[in-house]
Amino acid sequence: MPLGTLDRTPPPFFKQGPSALSKLMVFSAVALFLMVADMRFSITVPVRSALATVLYPMQWLVMQPVRAAGEAGTYFTSLHKAQASENAALVKLATQSEHALQVEQLRLENQRLRELLAMRERILAPSIGAQVLYDAADPFSRRVVIDRGQTHGVVAGSPVIDDNGVLGQVTRVYPLMSEVTLLIDSDYAIPVLNVRTGVRSVAFGRTGPSGEDLELRYTLANADIEQGDLLTTTGVDGVFPPGLPVARVKDVGERAESSFNRISCTPLARVHGALHVLVLTPVGLNLPPSPMLPKPGASTPITTDGVKR
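Heads up, the sequence shown is in our numbering, so the first residue is 607 and it goes up one at a time.
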């Protein structure tokens with residue numbers, strides 16, 4: 607084909623359209639027109655409403671991950687704060703519970719001290735306030751150690767009471783502390799008086815598998831003693847003042863092989879929890895000397911007939 611017959615027009619993809627500047631001016635004018643028309647006549651409100659309605663599901667779907675992430679962050683933050691608040695509340699509750707227990711313990715201790723002071727006012731014998739330190743190390747005896755000794759005026763044989771009654775008796779004295787044998791010790795015995803009948807007897811400490819209490823021995827089967835009878839100190843032993851509560855009769859049983867009853871008594875004092883006690887001066891130390899006994903070193907005058915006067 608001869609060269610002169612070829613089409614000299616450029617291919618379509620090389621054709622040049624409007625220039626970029628002209629496009630900018632046209633689109634700017636259209637945008638300005640639309641803004642003025644929308645401001646004056648609100649012609650784009652229906653279009654915006656339609657577009658918003660059509661695009662709302664897409665917006666909601668796109669916002670769900672963002673909202674879920676925000677809610678998850680809020681949940682974990684709230685959970686952490688709740689756990690921290692719970693831990694702080696538990697610590698505060700434990701502290702308040704401890705304080706409440708201490709207050710209750712102090713209230714009970716004050717009540718027992720008031721009862722002990724009230725009993726002290728009813729007792730004429732001199733007394734010394736003491737506190738139980740610990741139980742004695744001997745596992746085969748029932749003894750406690752108190753914080754008063756020779757320097758405080760405690761002597762061996764002194765009765766020891768709490769706010770409920772007789773607790774025991776001082777059996778060993780040290781300079782700054784003393785050892786008290788409790789009523790329930792198996793080697794201890796105390797004279798008692800049945801308040802209802804006025805009959806005297808002796809209560810012995812008893813420790814065994816069945817428990818720790820007192821036992822009235824050598825009581826005849828026909829003796830007038832009933833369950834619930836109150837036993838107090840007699841006041842004639844030269845140690846305990848009269849009328850101190852000792853025990854209450856718990857059980858009265860018969861022995862098939864003996865003519866004596868088996869009588870169990872419950873001590874009224876707290877033999878397993880006493881804290882504050884009173885140490886009394888033995889009654890015998892306050893008694894005047896017997897007039898029937900001559901004073902040491904005194905001689906008996908002899909009459910002229912050789913008879914002593």
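Don't be surprised by glycine CBs; every beta carbon is placed ideally from N, CA and C.
Determine the DSSP secondary structure at residue 866, reduced to helix, strand or coil.
Within the sequence shown, residue 866 is the residue found at index 260, counting from 1. In this structure, residue 866 counts as strand in the three-state DSSP scheme.
Taking C-alpha atoms, which residue in 652, 875, 653 and 637 lies nearest to residue 767?
Start at 1 with the first residue of the sequence shown, and residue 767 comes out as number 161. Its Cα nearest to that of residue 767, the residue 875 stands out among 652, 875, 653 and 637.
For a minimum of 3 consecutive residues, which ranges assigned as the beta strand (DSSP E) are wholly contained in the segment 801-857?
If only uninterrupted beta strand (DSSP E) runs of at least 3 residues are considered, those enclosed by the segment 801-857 are 806-814, 817-822 and 836-839.
Among the residues of its own chain, which have a CB less than 6 Å from the CB of residue 770, if the five just before and after it don't count?
Position 164 of the sequence shown, counted from the start, is the residue given in the question as residue 770. The answer, listed in chain order, is 874 and 875.
With 7 Å set as the bound, which would you pick, yes or no: does the beta-carbon of residue 684 sit closer than that to a beta-carbon of chain E?
No chain E is present in this structure, which holds just one protein chain.
Rounded straight-line distance, which links the Cα of residue 633 to that of residue 627
Sequence index remark: in the sequence shown, residue 627 carries index 21 (1-based). Sequence index remark: in the sequence shown, residue 633 carries index 27 (1-based). The alpha-carbon atoms of residue 627 and residue 633 are separated by roughly 10 Å.
Going along the chain, which unbroken runs of the beta strand (DSSP E) with 3 or more residues stay wholly within the segment 716-748?
Complete beta strand (DSSP E) runs here, min 3: 733-741.
Using DSSP with H/G/I as helix, E/B as strand and the rest coil, what is residue 876?
Here residue 876 refers to the residue found at position 270 when the sequence shown is read from its first residue. Coil, per DSSP.
I need the straight-line Cα distance from residue 810 to residue 692, nearest angstrom please.
By one-based count along the sequence shown, residue 810 stands at place 204. By one-based count along the sequence shown, residue 692 stands at place 86. Distance from the CA of residue 810 to the CA of residue 692, rounded to the nearest whole angstrom, comes to 56 Å.
State the CB to CB distance for the pair residue 806 and residue 840, rounded to an integer number of angstroms; the pair is presumed to be in contact (CB under 8 Å).
Here residue 806 corresponds to residue number 200 of the sequence shown, with the count starting at 1. Here residue 840 corresponds to residue number 234 of the sequence shown, with the count starting at 1. Indeed, because the Cβ distance is near 6 Å, the residues count as touching under 8 Å.
According to DSSP, simplified to helix, strand and coil, what is residue 774?
As a position in the sequence shown, residue 774 is number 168, starting the count at 1. DSSP places residue 774 in strand when its eight states are reduced to three.
Can you find at least 3 beta carbon pairs, one from the segment 774-793 and one from the segment 828-843, that sit closer than 8 Å?
Touching, no.
Cut-off 6 Å between Cβ atoms - residues of its own chain near residue 739, not counting five sequence neighbours on either side
Counting from 1 along the sequence shown, the entry for residue 739 is found at position 133. Excluding positions up to five away in sequence, the list reads 751 and 753.
Determine the burial state of residue 911: buried for a count of at least 16 other Cβ atoms within 10 Å of its Cβ, exposed for fewer.
Along the sequence shown, one-based indexing puts residue 911 at 305. With a pLDDT of 45 at residue 911, under the threshold of 50, the modelled position of that residue is not reliable, and no figure is offered here.
Along the alpha helix (DSSP H) that carries residue 642, what are the first and last residues, could you check?
Numbered from 1 along the sequence shown, position 36 holds the residue referred to as residue 642. According to the DSSP assignment, residue 642 belongs to the alpha helix (DSSP H) that extends over 626-647.
C-alpha gap between residue 868 and residue 861, whole angstroms
By one-based count along the sequence shown, residue 868 stands at place 262. By one-based count along the sequence shown, residue 861 stands at place 255. Cα to Cα, residue 868 sits roughly 6 Å from residue 861.
Close Cβ partners of residue 794 (< 6 Å) along its chain, the five nearest in sequence each way excluded
Walking along the sequence shown from the start, residue 794 turns up at place 188. Within the same chain, 787 and 811 come within 6 Å of residue 794 by CB-CB distance, once the 5 residues on both sides are set aside.
Among 744, 790 and 761, which residue has its Cα nearest to the Cα of residue 569?
In the structure as shown, the chain begins at 607 and stops at 915. Residue 569 is therefore absent and cannot be evaluated.
If you count every other CB in all the chains shown that lies within 10 Å of the CB of residue 904, and 16 or more means buried, which is it?
Numbered from 1 along the sequence shown, position 298 holds the residue referred to as residue 904. Low local confidence applies: a pLDDT of 47 at residue 904 is under 50, so the model's placement there is unreliable, with the coordinate-based value given in what follows. Exposed, because fewer than 16 other Cβ atoms sit within 10 Å of the Cβ of residue 904.
Close Cβ partners of residue 624 (< 6 Å) along its chain, the five nearest in sequence each way excluded
Translated into positions along the sequence shown, residue 624 becomes position 18. Here the set comprises nothing.
How big is the Cα-Cα spacing for residue 773 and residue 763?
By one-based count along the sequence shown, residue 773 stands at place 167. By one-based count along the sequence shown, residue 763 stands at place 157. C-alpha of residue 773 to C-alpha of residue 763: approximately 13 Å in a straight line.
Which residues does DSSP list as the beta-bridge partners of residue 883?
As a working note, residue 883 is residue 277 in the sequence shown. In the DSSP output, where bridge partners are listed per residue, residue 883 has 736.
Just tell me which of 864, 883, 825 and 804 has its CA closest to the CA of residue 837.
By 1-based counting over the sequence shown, the position of residue 837 is 231. Nearest option by C-alpha distance: 804.
By Cβ distance, which residues of its chain are closer than 7 Å to residue 883, with the 5 residues on each side in sequence left out?
The residue given as residue 883 occupies position 277 in the sequence shown. Sequence-distant Cβ neighbours of residue 883 in its own chain, meaning closer than 7 Å and more than five residues away, are 736, 738, 752, 766, 767, 768 and 773.
Taking the straight line between their C-alpha atoms, what separation do you get for residue 642 and residue 650?
One-based indexing of the sequence shown puts residue 642 at position 36. One-based indexing of the sequence shown puts residue 650 at position 44. Counting only the Cα atoms, residue 650 lies some 11 Å from residue 642.
Between 889, 690, 880 and 887, which lies nearest to residue 721 when the distance is taken from Cα to Cα?
What you label residue 721 is simply residue 115 of the sequence shown in a count that begins at 1. For residue 721, the nearest C-alpha among the options comes from 880.
Compare the beta carbon distance of residue 724 and residue 887 with 7 Å and say whether it is the shorter of the two.
As a first step, residue 724 is located in the sequence shown; it is residue number 118 there, counting from the start. As a first step, residue 887 is located in the sequence shown; it is residue number 281 there, counting from the start. Result no, Cβ atoms of residue 724 and residue 887 do not sit closer than 7 Å.
Minimum C-alpha distance to residue 755 - residue among 747, 746 and 782
Within the sequence shown, residue 755 is the residue found at index 149, counting from 1. Ranked by Cα distance from residue 755, the options 747, 746 and 782 are led by 782.
Three-state secondary structure assigned by DSSP to residue 671:
Here residue 671 is taken as the residue at index 65 of the sequence shown, counted from 1. Residue 671 sits in a helix when the DSSP states are folded into three classes.
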